[in-house]
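There are 2 protein chains.
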Amino acid sequence: MADVDSPIEAARGAIGVTTGPIRGSRKIHVAVPGNPKVQVAMRAIDLEPGCGEPPLNVYDTSGPYTDPTVRIDINAGLAPLRREWIMARGDVEAYDAREIRPEDNGQLGPDRSGGVQPFPNVVKRPLRAKPGANVSQMHYARRGIITPEMEYVATRENLGREMLREYHRDGESFGAAIPDYVTPEFVRDEVARGRAIIPNNINHPESEPMAIGRNFLVKINANIGNSAVASNVATEVDKLVWSIRWGADTVMDLSTGRNIHDTREWIIRNSPVPIGTVPIYQALEKVGGIAEDLTWEIFRDTLIEQAEQGVDYFTIHAGVRLPYVPLTAKRVTGIVSRGGSIMAKWCLAHHKESFLYERFDEITEIMKSYDIAYSLGDGLRPGSIADANDEAQFAELYTLGELTKRAWAQDVQVMIEGPGHVPMHKIKENMDKQLEACGEAPFYTLGPLTTDIAPGYDHITSGIGAAMIGWYGTAMLCYVTPKEHLGLPDRDDVKVGVVTYKLAAHAADLAKGHPAAKMRDDALSRARFEFRWRDQFNLSLDPDTAEKYHDQTLPAEGAKTAHFCSMCGPKFCSMKITQEVRDFARLQNQGSEGFIATEEAEAGMAKMSNVYEETGRELYMGAGDREHN
Amino acid sequence: MADVDSPIEAARGAIGVTTGPIRGSRKIHVAVPGNPKVQVAMRAIDLEPGCGEPPLNVYDTSGPYTDPTVRIDINAGLAPLRREWIMARGDVEAYDAREIRPEDNGQLGPDRSGGVQPFPNVVKRPLRAKPGANVSQMHYARRGIITPEMEYVATRENLGREMLREYHRDGESFGAAIPDYVTPEFVRDEVARGRAIIPNNINHPESEPMAIGRNFLVKINANIGNSAVASNVATEVDKLVWSIRWGADTVMDLSTGRNIHDTREWIIRNSPVPIGTVPIYQALEKVGGIAEDLTWEIFRDTLIEQAEQGVDYFTIHAGVRLPYVPLTAKRVTGIVSRGGSIMAKWCLAHHKESFLYERFDEITEIMKSYDIAYSLGDGLRPGSIADANDEAQFAELYTLGELTKRAWAQDVQVMIEGPGHVPMHKIKENMDKQLEACGEAPFYTLGPLTTDIAPGYDHITSGIGAAMIGWYGTAMLCYVTPKEHLGLPDRDDVKVGVVTYKLAAHAADLAKGHPAAKMRDDALSRARFEFRWRDQFNLSLDPDTAEKYHDQTLPAEGAKTAHFCSMCGPKFCSMKITQEVRDFARLQNQGSEGFIATEEAEAGMAKMSNVYEETGRELYMGAGDREHN
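These protein sequences, in sequence, are chains A and B.
According to full-length UniProt numbering, the first sequence is numbered sequentially starting from 1.
According to full-length UniProt numbering, the second sequence is numbered sequentially starting from 1.
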């Protein structure tokens, strides 16, 4: 794997990324039933030959980077997987791209130094909808059209679900409608009614279609992006590839400062996952950071600029209305959303209603010409436990609900961003209000953080809230890294944040009773119970770390096949006792049910005693869960 | 701090521990109202002089190790804080200790090599209750006696709660009865009715009294202990001091293999927190690891041995009854509790009911002579998501409820151990059944882990479940480290496990609406909002890590006082905008409430516009939550 070299190369200014299969698994492509031209990427985890279990297929966000048969060239970008599908619909036209200006890369900003090399392979003639056309997946869905994107999603979400013949539901889904089996028609219907979105700009054909919705697997987003203070394009592309390797379903480029345009081009051209941005950040750079100098024209121009590059969803803080701004005056932490504070500042400076709110339908016109999804930003979200669920937050939420309906009126896809800091007892109210206010549009939440007292561990304070709100119905969880509130995440922080959120999303899927979720837990538990250490590592979210931790106590290769663990040592193993229990329960004819220590049972046990003396005594025993007592 | 040297010293075989104040705070002692001889240790965090806020007092488990005025000598042990209180009650007698035998240190075990030096300062004449006496805190409580231990707990739990004049409750406590202010009488009443325990063996006078109960702050336990495979006494004492430094309220010594007796002596003599053990582990060593060779006599002798050393609570797996064992036969992971599997093995081998169950009242006789609390073990807890909430688990739980009442009949304190692996939707059922079956005896849960697929991150998969079950009513959370299922935790793992569980316990206190909990979140949020970086670090659970992470992006000392953060850089800061909002809301006479963009408002705003042009324009702005968009 280039993994090890990557940081060094990045330091040199070259762009090195991590490639090669994830340990213990291989890339596979599953054909869509009835449409073999659409091949869905997955990851197959092979188990020990002896165990008699089939390979486990898991959801794979890592794209071609983990496919040894694909040659990766960051300077060329990824292959345009979806281009044929897009062109085949005959509703788009190529046109001369808007010209790139110095201010697109922040040259009006305070720092005029530096600059990254432009992406060598820029598309000069991007696509847009033909006059009068609407190229959004929602528009197709509402006209009854099942697109290849929808077919891809259906196969991708099913994983090995057809293996679950005798699966019976076990979960509490709080009103979600998760099907036993996902059909392309189900995907179409969910997109048509706005309960799910498939964010994929027609100018980002490199992306592998994925769905964000309460009735699909819970997704996670990773934030990257350079800032005025630190980082460069090489490390950002490396972080992109690194974050999708570990499971990021979408990535947001939150770059600020200079080189915003070029950095984004490098990221999109090399991304197999949807890319989201907050256009107001770049618009602000274009006016030298003076919020009150922002104008609709500059903002609109920025939307076109990013639409042509292929951004898949835009965070638009159109719910930060002038009347709501003073509602934050009594807060402990005021307005902590960057986009929210920019718009609040603009509203105060001009004492006018937000141009994002007033021009919303014009923005929607642009969205539908490129199939960009809205991520309606929660600019007034609470920045502390003290401010959670307050008047300002919910006033904005209900406005987002109103805007959702306006976007849907033009068949444009929408998701809603959710709160940052919320104590556990106030989390469900957020989910319930969002479902009611926004007509079941997908909820996309940050955390939420369940306490403010653990900076340095906010991936965990927020992972707790993320798992809970994911269970309640959130469709996508925006990750938080250990550096939250303290600094910019490095690639180690990105990995910890992604894996933490992946496990939170999975815990949510389990609790919702998602048919495909429990298969992996059960496979890993069987491997653990049978001391198939390799399988246990390979089935985990992070095989590298699992094996490393194991080896810190028991380095020997033999220990990986040993029938004991370091918690108990070679002498003890509770797994052993269970085999004895099973033999006992079997031999004693009535099986485990209805076993009571009755007279009859006593008799049966006396008989068993001899059997045991002969067979069982030499079996050593103990416990595999040593730290648990 | 000796911190840095400690591991080296430990490697040398010497016993080095981390001493010195926790960064940014100082040890204080608060006198119990009306009983100034009882001085309760706390930690005071001083804030920046300019901010006009008083120091924040926080709960402190670290004992004398963080008190610069105390000279620490591991070879001498800690001062016997409680000895006077114990003697003053006049119901104990000193007697000649049971003689130490080779098998006490596992010399009958497989490995006869090695050995640690015995603790130099062993008490030759331990204490026990005089004939006919009962020295349990529950016994005193039921006779209406308020002990110094109860007074200590009351002051310790209140923290700065008297500061909360205008505090109004905000939380969902699921039927807990948390008072606004904790009085010694409240503590007595909770202990009397069995809803809380104060575990403190009369032979462990070094311990600082603490309470475990649903109506007190949620506590956490850290497990340490050497094993047949790894570690030595120096590292275990170091781990003890290290774990309480970061917040462990109790510590369990789960040592196995050789040197069990001597290791435990070193740990207890140097521990200011209650120490728990699983006596069956040592009893098993005494019979060479052959479970079926265990006898009541050997087990009873082990209880006396450990009682005389001062163990504060015993995990007793008396609920693993013969009839329940076959109920585990169909499980994916069978029996994963070590103590549970030992007893299951014994029951199968002899086809007899467990001697722990049959001799329970005799065990209770011993407990009340030393004031040792029961931690009734969940030997049949699930070891995987697949086995959660099954028949075997709940059959045992109801038996633990029956045993609780038998222990209470002799005024012996009890807590109940809870499950290890449970998906989120099945967690609350565990809490509800425990409250009902065990008459509100404190619940002491491991995790629970909410998914099985993240070995290497099980402190997080379990931290999620821990926060939730703590909210629902669990009194103490047993930590899980990143090494769970993979290896033995080193001191870094111990710290991560403790801090993770500390934040989970705090999130639970917040959600329950505990009056003392939110003060710290609010203080930290104000510090964050006002860019008091030092205060933000010092108020956090782990100031060292918070500052380290901050410095990785902005090392300069100046950056710690700068009014911006690395997420946004010097140009942007959303905190700034809020001051403008406040000025605006103030100047505009109607304040934030009732502000609507009406004609009148528009007029007022027009007037404001000029004010703003003069005052506000030069204020730069942006957002402090850059990673959040």
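The beta carbon of each residue, even a glycine, is placed where N, CA and C say it ideally should be.
Quantities reported herein were computed from a predicted structural model and do not represent experimental measurements.
Check                                                                                                                                      : Outcome
Bridge partners - GLY171 of chain A, DSSP secondary structure assignment                                                                   : In DSSP, GLY171 of chain A forms no bridge with anything.
8 angstroms Cβ cutoff, THR399 of chain A in contact with chain B                                                                           : no
Residue range of the beta strand (DSSP E) that includes TYR59 of chain B                                                                   : 56 to 59
DSSP beta-bridge partners of ALA511 of chain B                                                                                             : DSSP lists no partner for ALA511 of chain B.
Interface partners of PHE529 of chain B on chain A, CB under 8 angstroms                                                                   : VAL332, THR333, GLY334, GLY383 and SER384
Rounded straight-line distance, which links the Cα of PRO205 of chain A to that of ASP371 of chain A                                       : 12 angstroms
Chain-ordered neighbours of TRP471 of chain B on chain A, where CB pairs are closer than 8 angstroms                                       : MET424 and HIS425
Opening and closing residue of the alpha helix (DSSP H) in which residue 638 of chain A lies                                               : As shown, chain A starts at 1 and ends at 629. That puts residue 638 of chain A outside it, with no answer to give.
Touching by the beta-carbon criterion (3+ pairs, under 8 angstroms), the region 130 to 147 of chain A and the region 192 to 208 of chain A : yes
Cα-Cα separation between ARG188 of chain A and ILE220 of chain B, rounded to whole angstroms                                               : 48 angstroms
Residue nearest to HIS459 of chain A in terms of C-alpha spacing, selected from A:SER173, A:PRO382 and A:PRO448                            : A:PRO448
Cβ shell of GLU540 of chain B (< 6 angstroms), same chain only, five flanking positions each side left out                                 : One point to set straight first is that residue 540 of chain B is Ser, not Glu, in the sequence displayed. Correct list, in chain order: ALA546.
Cβ of MET605 of chain A within 8 angstroms of any chain B Cβ                                                                               : With a pLDDT of only 45 at MET605 of chain A, under 50, the local geometry of the prediction cannot be trusted, and the value read off the model is given with reservation. Interface residue, yes.
Any chain A beta carbon closer than 8 angstroms to PHE216 of chain B                                                                       : no
Residue ranges of each beta strand (DSSP E) within the region 455 to 527 of chain A, 3 or longer                                           : 476 to 478
Between the CA atoms of ALA508 of chain A and ARG169 of chain A - distance to the nearest angstrom                                         : 14 angstroms
Where VAL325 of chain A meets chain B, residues with beta-carbon distance less than 7 angstroms                                            : VAL581
Any C-beta of chain A under 8 angstroms from that of ILE316 of chain B                                                                     : no
Interface residues of the region 450 to 465 of chain A facing chain B [CB-CB below 7 angstroms]                                            : THR450, THR451, ASP452, ILE453, ALA454, PRO455, GLY456, TYR457, ILE460, THR461, GLY463 and ILE464
8 angstroms contact criterion, which THR399 of chain A and GLY319 of chain A should meet: CB distance rounded                              : 4 angstroms
C-beta neighbour in chain A for TYR181 of chain B, strict 8 angstroms                                                                      : no
Test item: CB-CB of GLU149 of chain A and ASN200 of chain A under 8 angstroms                                                              : yes
Anticipated Cβ contact below 8 angstroms, TYR444 of chain B with GLY418 of chain B, distance rounded                                       : 6 angstroms
For PHE595 of chain B, the three-state DSSP class (helix, strand or coil)                                                                  : Any reading at PHE595 of chain B must be qualified, since the residue scores a pLDDT of 39, below 50, and its modelled position is unreliable; the value itself is stated next. Reduced to three states, the DSSP call for PHE595 of chain B is coil.
Cα-Cα separation, GLY569 of chain B to ASN223 of chain A                                                                                   : Note on GLY569 of chain B: pLDDT 48, under 50, position unreliable in the model; no value is reported.
Cβ neighbour criterion (16 or more within 10 Å) applied to GLN117 of chain B                                                               : exposed
Nearest-angstrom Cα separation, counted from HIS506 of chain A out to ALA211 of chain B                                                    : 35 angstroms
Where GLN552 of chain B meets chain A, residues with beta-carbon distance less than 7 angstroms                                            : GLY487
Candidates B:ILE202, B:GLU103 and B:THR315, of which the one nearest ILE260 of chain B by Cα                                               : B:GLU103
Selected residue, minimal CA-CA separation from ARG532 of chain A, among A:VAL494, A:PRO49, A:LYS27 and A:MET343                           : A:PRO49
CYS478 of chain A burial status per 10 Å Cβ neighbour count (16 or more: buried)                                                           : buried
Strand pairing of residue 709 of chain B, partner residues [DSSP]                                                                          : In the structure as shown, chain B begins at 1 and stops at 629. Residue 709 of chain B is therefore absent and cannot be evaluated.
Nearest-angstrom Cα separation, counted from ALA407 of chain A out to HIS139 of chain A                                                    : 11 angstroms
Reduced DSSP category for THR445 of chain B - H, G, I as helix; E, B as strand; rest coil                                                  : strand
Range of the contiguous alpha helix (DSSP H) that encloses HIS550 of chain A                                                               : 543 to 553
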